[in-house]
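Just below is one structure, and these are the notes that go with it.
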Amino acid sequence: MKYLQLVIAGLGEKDTFLRYVAPILKSGKRIGLRKIANAFMAELERRMRRHRTTSLPFVLHFELTNICNLRCPYCYTGRGIYETEKGYLAFKNFTRVVDEMSGKLILARLDGYGESFLHPDVFAMIRYLHSRNVVTSLSTNFNTLEPPNMGQLVDSGLDYLIIAVDGADKATYERHRVGGNFDKVVENINAIVATRQAKGSRTPYLEIQFLLFEGTVDQLDRMKELAALLGVDRFLVKEARNEKNAEVRKKASRRVRPCFWLWSVLNLSWQCDIKVCCDGLMERFSFANVLQNGVRGVWNGSAMQSARKLFTENTSETRTLLAGCRCLSCYKLGSHEASAP
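The structure is reproduced here in C-alpha cells:
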C-alpha cells in the first residue's frame with residue numbers, strides 16, 4: 391500500500407500529477423499521440439498565458455448529481471447551503487460532451503457535490519468513457535452499493551475509485567459522515583478488493599481518502615493500519631481547508647502562476663454549466679453552458695478568456711465580466727505583476 395499526503399486539497403498541478411499518475415499507468419490505456427499533442431499544447435499555451443487557445447481541455451470533471459445520501463457537517467451539501475437546483479446529469483448530455491471531447495480527452499472524473507453511485511446511469515457512463523479509451527475516476531462515500539454490485543463495478547472499466555473514509559472506528563466515522571454506516575463501507579471495500587482479485591483485474595485502482603482536521607487527527611495512525619489491512623492500493627491523507635492552509639494558498643497566489651484548470655480542465659455541474667474549479671461547483675457564477683455553444687465555443691468564450699487574462703491584465707472590464715467568480719479572489723493579479731503574452 392502506498393501513502394500520499396496532499397497539503398492543500400489537491401487543486402494545483404503538482405498535487406494532481408502525484409495523485410493521478412499511478413492510476414493512469416495502472417489503467418493500461420494507451421493515451422495516443424493526438425491526445426498527448428493536445429495536452430502538450432494546452433500546457434504550452436498556459437505558460438505563454440494565451441487568452442484564446444487552440445487546444446481543448448484534456449481533463450473532464452463532470453458532476454453526475456448534487457444529491458447525497460449523507461449529511462456531513464463540513465460539506466456544503468450536508469450543511470444544506472448548496473443553493474442550487476437538485477438533479478441528475480442527463481445521459482444524452484453526458485454523451486454529447488464526451489463525444490465532442492473524446493479525441494482530446496485523457497482523464498474524466500465523475501463526481502461533485504453529490505454521491506455519484508446514486509445516479510441510475512452511472513455504470514453506463516463509465517462504460518461509455520471506457521469504450522473511448524478515457525481514464526475514468528470516481529469519488530464515493532461507498533454507502534449506497536451492495537457487495538453483489540462489485541462485479542458490475544469492476545467490469546464497467548472504472549480505472550480509479552476514491553473511497554472517502556473519515557474515521558478508523560464506527561463512532562468517529564459516523565460522527566463525521568452523518569447517515570453513513572462504517573460497517574457497510576468496510577464490507578464494500580472488502581468486497582471490491584476480493585472481486586477485483588477474483589476477476590484478475592488491475593482496475594479500479596483503490597484509494598482510501600482520509601480528511602485530516604481537528605476531529606480526525608488522532609485517528610491517522612489507526613487509519614493507516616486499517617487501509618493496509620483492507621488491502622487497498624493507496625492511503626491518501628488530504629488536509630481539510632483551514633486558516634493555515636488558506637494563508638498558504640494566499641501566498642502561493644502571489645507567484646503569478648497561471649492556473650492550470652483554466653487551460654486544461656473542463657469542470658461541469660450536472661446542468662452542464664462550466665465552473666471555475668472543483669470547489670467552484672457550488673458557486674452561482676458560471677462561465678457558460680456547454681449545451682448552448684458546445685465545448686469549443688464556450689472554452690474560448692468571453693468569460694473564459696477574461697479569467698485567463700487575470701494573469702496578464704486586470705482591467706475593470708474583466709472584473710465586471712467575472713463579477714461573482716472565484717478567480718477574482720483566488721488570483722488577485724494585475725498587469726504590473728505579469729508580462730503580456
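Under our numbering, the first residue of the sequence shown is numbered 391, with each subsequent residue one higher. By construction, the Cβ of each residue, glycine as well, lies at the ideal position given by its N, Cα and C atoms.
Of all C-beta pairs linking the stretch 709 to 716 to the stretch 511 to 523, fewer than three are shorter than 8 Å, placing the two stretches out of contact. Assigned with DSSP and collapsed to three states, S546 falls in coil, not helix or strand.
For L408, the CB contacts under 7 Å within the same chain, skipping 5 residues up- and downstream, are L394 in chain order.
Annotation for R469: P463 place their beta carbon closer than 7 Å to its own, counting only its chain and skipping 5 residues before and after. The Cβ atoms of V449 and L497 lie closer than 9 Å to each other. Bounds of the beta strand (DSSP E) holding N657 are V655 to L658. For V680, there is no enclosing beta strand (DSSP E); the enclosing alpha helix (DSSP H) has its first and last residue at V680 to W689.
For the set V555, L616, M540 and K574, the Cα lying nearest the Cα of V583 is the one of M540. Here DSSP, grouped into helix, strand and coil, assigns L652 to helix. The alpha helix (DSSP H) runs lying completely inside the stretch 485 to 564 and spanning 4 residues or more are 512 to 521 and 540 to 545, given in chain order. When the beta-carbon positions are compared, E629 and F603 come within less than 9 Å of each other. Of E564, V666, R647 and E673, the smallest CA-CA separation from R439 is found for R647. When DSSP states are grouped into helix, strand and coil, V627 belongs to the strand group.
In the DSSP assignment, H441 is bridged to no other residue.
Excluding sequence positions up to five before and after V680, its CB lies within less than 7 Å of the CB of V487, L658, C662, I664 and V688, all in the same chain and listed in chain order.
Contact check between the stretch 556 to 564 and the stretch 515 to 526: fewer than three CB pairs, one atom from each, fall below 8 Å, which does not count as touching.
In this structure P447 touches L656 by the C-beta definition: roughly 4 Å separates them, less than 8 Å. By a beta-carbon distance limit of 8 Å, L551 contacts E597. Their separation comes to about 7 Å.
In the three-state reduction of the DSSP assignment, Y464 falls in the coil class.
Taken through DSSP and simplified to helix, strand or coil, V576 comes out as helix.
In the DSSP assignment, V411 falls within the unbroken alpha helix (DSSP H) covering E403 to S417.
H451 is bridged by DSSP to R499 and N657.
Bridge partners of Q587 according to DSSP: none are assigned. Here the alpha carbons of T443 and L434 stand approximately 10 Å from one another. The shortest CA-to-CA distance from S445 to any of E707, S654 and L460 is the one to S654. Around the beta carbon of R420, a 10 Å sphere encloses fewer than 16 other beta carbons of the protein chains shown; the residue is thus reported as exposed. Taking C-beta separations shorter than 8 Å and ignoring five residues to either side along the sequence, the partners of K560 in its chain run F572 and D573, following chain order.
Contact between W660 and T534 is ruled out by a C-beta separation of about 17 Å, above the 8 Å threshold.
Cβ-Cβ distances below 8 Å link F625 to M391, K392, Y393, L394, E597, I598, F600, M613, K614, A617 and A618 in the same chain, with the five nearest sequence neighbours on each side left out; the list follows chain order. Cβ neighbours of D405 within its own chain (closer than 7 Å, five residues either side excluded): L396. Under DSSP, F600 takes part in a beta bridge, and its partners are V627. Under the 10 Å beta carbon count, G477 is surrounded by fewer than 16 other beta carbons and is classified as exposed.
In the three-state reduction of the DSSP assignment, K614 falls in the helix class. Judged by DSSP secondary structure, K392 falls within the beta strand (DSSP E) whose first and last residues are K392 to L396.
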